[in-house]
Amino acid sequence: MLRTLEGGLAREHRAEPDDKLACLTALERKVLWLSTWMIHNANHIRPNRDGLKVGGHQASSASVATLMTALYFDVLRPQDRVAVKPHASPVFHAIQYLLGRQTRDKLERFRGFGGAQSYPSRTKDGETVDFSTGSVGLGVGMTLFASIAQDYLRLKRLIPTDDPPGRMIALAGDAELDEGNIFEALLEGWKHDVRNLWWVIDYNRQSLDAVVSDRLFGRIDAMFEMMGWRVVTLKYGRLLEAAFARPDGHHLREWIDACPNSLYSALVYKGGEGWREHLHRDLNRYPGIRAILDDHNGAELQRLMTNLAGHDMESVLAAFHAVEDDRPTCFIAYTIKGYGLPFAGHKDNHAGLMNLDQMASFRQSMAIPDGAEWELFAGLDLPAERLAEFLAGVPLAESDPRRHDPAAVAVPPSLPLPRGTRLSTQEAFGRILGDIAAGEAPLADHVVTTSPDVTVSTNLGPWVNRRGIFDRAERADTFREEHVVSAQRWAMSPQGQHIELGIAESNLFLQLAALGLAGPLFGTRLLPIGTLYDPFIKRGQDALNYACYQDARFILVATPSGITLAPEGGAHQSVGEPLTGLAQPGLASFEPAYSDELAVLLRWAFEEIQREESQSVYFRLSTRPIDQPERTIDPDLAAAIVAGAYWLREPGPDAEFAIAYCGAVAPEALAAHQAVAEDVPGAGLLAITSPDRLHRDWLEARVGGESGVAERLLTRLRPGAALVTVGDFHPATLSWLGAVAGNTIVPLGVDRFGQSGDIPDLYRAYGIDTDAILDAAARACLTALR
Ligand SMILES: Cc1ncc(C[n+]2csc(CCOP(=O)(O)OP(=O)(O)O)c2C)c(N)n1
Ligand SMILES: [Mg+2]
Numbered sequence: 001m002l003r004t005l006e007g008g009l010a011r012e013h014r015a016e017p018d019d020k021l022a023c024l025t026a027l028e029r030k031v032l033w034l035s036t037w038m039i040h041n042a043n044h045i046r047p048n049r050d051g052l053k054v055g056g057h058q059a060s061s062a063s064v065a066t067l068m069t070a071l072y073f074d075v076l077r078p079q080d081r082v083a084v085k086p087h088a089s090p091v092f093h094a095i096q097y098l099l100g101r102q103t104r105d106k107l108e109r110f111r112g113f114g115g116a117q118s119y120p121s122r123t124k125d126g127e128t129v130d131f132s133t134g135s136v137g138l139g140v141g142m143t144l145f146a147s148i149a150q151d152y153l154r155l156k157r158l159i160p161t162d163d164p165p166g167r168m169i170a171l172a173g174d175a176e177l178d179e180g181n182i183f184e185a186l187l188e189g190w191k192h193d194v195r196n197l198w199w200v201i202d203y204n205r206q207s208l209d210a211v212v213s214d215r216l217f218g219r220i221d222a223m224f225e226m227m228g229w230r231v232v233t234l235k236y237g238r239l240l241e242a243a244f245a246r247p248d249g250h251h252l253r254e255w256i257d258a259c260p261n262s263l264y265s266a267l268v269y270k271g272g273e274g275w276r277e278h279l280h281r282d283l284n285r286y287p288g289i290r291a292i293l294d295d296h297n298g299a300e301l302q303r304l305m306t307n308l309a310g311h312d313m314e315s316v317l318a319a320f321h322a323v324e325d326d327r328p329t330c331f332i333a334y335t336i337k338g339y340g341l342p343f344a345g346h347k348d349n350h351a352g353l354m355n356l357d358q359m360a361s362f363r364q365s366m367a368i369p370d371g372a373e374w375e376l377f378a379g380l381d382l383p384a385e386r387l388a389e390f391l392a393g394v395p396l397a398e399s400d401p402r403r404h405d406p407a408a409v410a411v412p413p414s415l416p417l418p419r420g421t422r423l424s425t426q427e428a429f430g431r432i433l434g435d436i437a438a439g440e441a442p443l444a445d446h447v448v449t450t451s452p453d454v455t456v457s458t459n460l461g462p463w464v465n466r467r468g469i470f471d472r473a474e475r476a477d478t479f480r481e482e483h484v485v486s487a488q489r490w491a492m493s494p495q496g497q498h499i500e501l502g503i504a505e506s507n508l509f510l511q512l513a514a515l516g517l518a519g520p521l522f523g524t525r526l527l528p529i530g531t532l533y534d535p536f537i538k539r540g541q542d543a544l545n546y547a548c549y550q551d552a553r554f555i556l557v558a559t560p561s562g563i564t565l566a567p568e569g570g571a572h573q574s575v576g577e578p579l580t581g582l583a584q585p586g587l588a589s590f591e592p593a594y595s596d597e598l599a600v601l602l603r604w605a606f607e608e609i610q611r612e613e614s615q616s617v618y619f620r621l622s623t624r625p626i627d628q629p630e631r632t633i634d635p636d637l638a639a640a641i642v643a644g645a646y647w648l649r650e651p652g653p654d655a656e657f658a659i660a661y662c663g664a665v666a667p668e669a670l671a672a673h674q675a676v677a678e679d680v681p682g683a684g685l686l687a688i689t690s691p692d693r694l695h696r697d698w699l700e701a702r703v704g705g706e707s708g709v710a711e712r713l714l715t716r717l718r719p720g721a722a723l724v725t726v727g728d729f730h731p732a733t734l735s736w737l738g739a740v741a742g743n744t745i746v747p748l749g750v751d752r753f754g755q756s757g758d759i760p761d762l763y764r765a766y767g768i769d770t771d772a773i774l775d776a777a778a779r780a781c782l783t784a785l786r
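Here the sequence shown stands for residues 1 to 786, numbered as in our numbering.
So this is what it looks like as structure tokens:
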């Protein structure tokens, strides 16, 4: 079993101030106050113009105040990277405010326009957020793939390795473990022998709707352990441990251990007298327990019985600091949802907000004078200077800028053009990448590919054969060693440049997200390319959205696609994905027909994903071999291909008709155009490489009152000229073109599930063959004449 020796967690032993615990406990109070107040201010004090509830999660925040205070003010080192559960955003902002990295103005505008975000956001909250969160489960999974990305860079010495590696840390809600993506990630992580990964589970035993089933967590430890993780359970705090050590105290422990989650939560809500009643009823026969009950008044008993380790600063610190190696570790921290707030433990507290009276008494208990709500240290027992000094010295505060901005990787002026007169775009992709792999350009060393078990069938084979598979250990290609003939050479090593994943598309997108943030997170850019079958984008779509939301940069190659996948049948034929490409922010999508277009676009994509204000790129490719045009691509044509369209056959002056096609249906469009040209001289044939880019440009041009690319192209036709659009995708992908210059349009495409067949049969059945285009042309021209 391979174990990394490079980092361990060789902690620097800093001179710890004697009063560290006192400072942390004071700050924990402040974090709770600020997070609670931030939400209160947004809901009850700030003017409300639309009558909507602003929200925020006071209970979920209270639950992690101790854990996050401990982490951010003591445990985290500059190189660590954290995903905070989405609804603990107020705690996160409060902590950053205390660290001087968040402004009061933004806290006052929490959940308001331009204010601190509802859920931590890399792009909108800025530098302090390592990983955005929001869709539960994804931030947690993301940390695992970030640890793979970190290993990838370190083992190749693409980043400095003098400092120990960062720990990738997720602060997860317990109900996040209901999300399947967590388990997909866990399995993948085990295969990749992930290191330097901490998942801290805020085990408050409540989700949004309810108290979590007792049965569930009975299994969680075992599962993590099965995957090679260390599990550290933080169950009881020091007060409870002390009570257990008293005579008969073990009966108290056994009672709590056996207490169902829902009863425990209900009693937390009821408070001291609720505990007394139940303990009296169940344990009164033990003199030691009676003594404990007699020693504690109502408030003290509540304090004792809710003294779970996740709220006990000393226990939390001890648990975190005890981990000194790089083994992935899951901390199950028992907490109380709404701890310290009036609705603690209540099953309906997820969206609960303290009312004005409750806030007034909470403020009193926190000793916050009127007007001092945002003061950093108001109401705390320690002198402000001491706390300020402590905060200035926390390990995290010593960091360089948290986000790196490494230089771009140089992209050659052109990529090798795949030879061949008849080629599919998928094949062209494989060849271009194979040629890049064979070359010496720095580009090749920064490209990393990944695929969920469709490496070979998406044509990454030539790349992998040359660049190898990434693994933390050297592993031989057994088939090769045994002299079994195979086209695939799959030796694995730390030098490998392909990350092979199991079939889990959500993992693919999280891996792309992590690799696509390698620059800002770790200091060296990677140029990630992920491949999958086009229809399975849907399977990982939330993770794709998540990757784009946090501005990770990658190239997605989705192939094969559409009914053009003919014999494979309807289960594998994509229909609506180009609409995803059109609608997904942060993602430019292309569907080229020819290999020379792909070479231009792929080159552009390598630059595009490295530009500052920019996006990731999605290519929808096909396995259909088609005849390639004989041409050289000049800079104007290259620019048009990137912009999304060009006239493959120029329209004549005042042309009455044009066909606009996209992707693998090029031969049908060409044939139809040829047939039409006999009757309609001057008919144009518009090659569309990107409905998405054209559409975006059209919208932007409209706003600026200018004519965009599509309008300039279409106004080459006479006003109101007939237009047929065709592609192997939902017709809505191009039907909007009719609105650009007022053309009479008949959009063709696929709007039903596909099925098995060959291309002629299927194109006929779904109305995208040459005859269908000609029929549509006739209809369009007739309508245009009216
Ligand atoms: C994918 C997804 N589904 C649903 C939600 C809505 N939601 C937000 S928090 C939450 C429950 C979270 O419970 P838990 O993880 O235990 O967090 P706690 O508030 O208890 O700390 C749900 C269902 C979401 N944010 N993301
Ligand atoms: Mg919970």
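Every residue, glycine too, gets a C-beta built ideally from N, C-alpha and C.
Note that this is a predicted model, so its numbers are computed, not measured.
Look at the beta carbons and you see the region 394-411 not touching the region 586-598: under three pairs across the two are nearer than 8 Å. Of the heavy atoms belonging to ligand 2, none sits nearer than 7 Å to the Cβ of Gly-767. For Asp-202, the enclosing beta strand (DSSP E) covers residues 197-203. Sequence-distant partners of Gly-576 (beyond 5 residues in either direction) whose C-beta falls short of 7 Å from its own C-beta, in its chain, are His-730. In the displayed model, Glu-656 falls within a strand according to three-state DSSP. The C-beta separation of Ile-169 from Val-140 comes to about 10 Å, leaving the pair out of contact by the 8 Å criterion.
Here DSSP, grouped into helix, strand and coil, assigns Glu-385 to helix. Comparing alpha-carbon positions, the option among Trp-275, Ala-94 and His-695 lying closest to Ser-35 turns out to be Ala-94. For Ser-35, the enclosing alpha helix (DSSP H) has its first and last residue at 20-40. Within a 10 Å sphere around the beta-carbon of Ala-599 sit 16 or more other beta-carbons, which makes this residue buried. Counting along the chain, Phe-590 sits inside the beta strand (DSSP E) bounded by residues 587-590.
Secondary structure note for Met-359: its alpha helix (DSSP H) is the uninterrupted segment 356-366. Phe-509 and His-40 have their C-alpha atoms some 36 Å from each other.
Residue range 717-727 is occupied by the beta strand (DSSP E) that includes Leu-723. Per DSSP, Leu-527 lies in no alpha helix (DSSP H); the unbroken beta strand (DSSP E) holding it starts and ends at 527-532. Distances from the CB of Lys-30 to the heavy atoms of ligand 2 are all 7 Å or more.
Lys-156 has its Cβ no nearer than 7 Å to any heavy atom of ligand 2. Segment contact: the region 37-54 against the region 69-83, fewer than three CB-CB distances shorter than 8 Å; contact not assigned. Listed in chain order, the non-local C-beta contacts of Asn-261 below 7 Å within the same chain comprise Arg-205, Val-211, Val-212 and Asp-214, local neighbours out to five positions each way being set aside. In the three-state reduction of the DSSP assignment, Ala-351 falls in the coil class. Counting only residues of its own chain and dropping the five nearest sequence neighbours on each side, Arg-779 has a CB closer than 8 Å to the CB of Val-746. Leu-144 and Arg-195 have their C-alpha atoms some 9 Å from each other.
The alpha-carbon of Ser-493 is positioned some 10 Å away from that of Leu-155. With a contact defined as Cβ atoms closer than 8 Å, Ile-641 and Leu-694 miss out at about 12 Å.
Gln-674 has no beta-bridge partner at all, per DSSP. Rounded to the nearest whole angstrom, the C-alpha separation of Glu-373 and Phe-131 is 29 Å. At a Cβ-Cβ threshold of 8 Å, Val-617 and Glu-607 do not count as neighbours.
In this model, Asp-295 and Ala-333 are separated by some 28 Å (Cα to Cα). The closest heavy atom of ligand 2 lies less than 7 Å from the beta carbon of Asn-204. Taken in chain order, the unbroken stretches of alpha helix (DSSP H) that lie wholly in the region 48-84 and span 4 residues or more are 58-70. By the beta-carbon neighbour count (other beta carbons within 10 angstroms, threshold 16), Lys-53 is exposed. Comparing C-alpha distances from Ala-149 to each of Ser-135, Pro-165 and Lys-538 shows the shortest one belongs to Pro-165. Pro-653 counts as exposed, since fewer than 16 other beta carbons sit within 10 angstroms of its beta carbon. Segment contact: the region 711-729 against the region 558-572, three or more CB-CB distances shorter than 8 Å; contact assigned. Inter-residue distance for Asp-477 and Ile-469 is about 10 Å (C-alpha atoms, whole angstroms). Annotation for Ala-344: Ala-59, Ala-62, Val-268, Tyr-269, Thr-306, Ile-336, Lys-337 and Gly-338 place their beta carbon closer than 8 Å to its own, counting only its chain and skipping 5 residues before and after.
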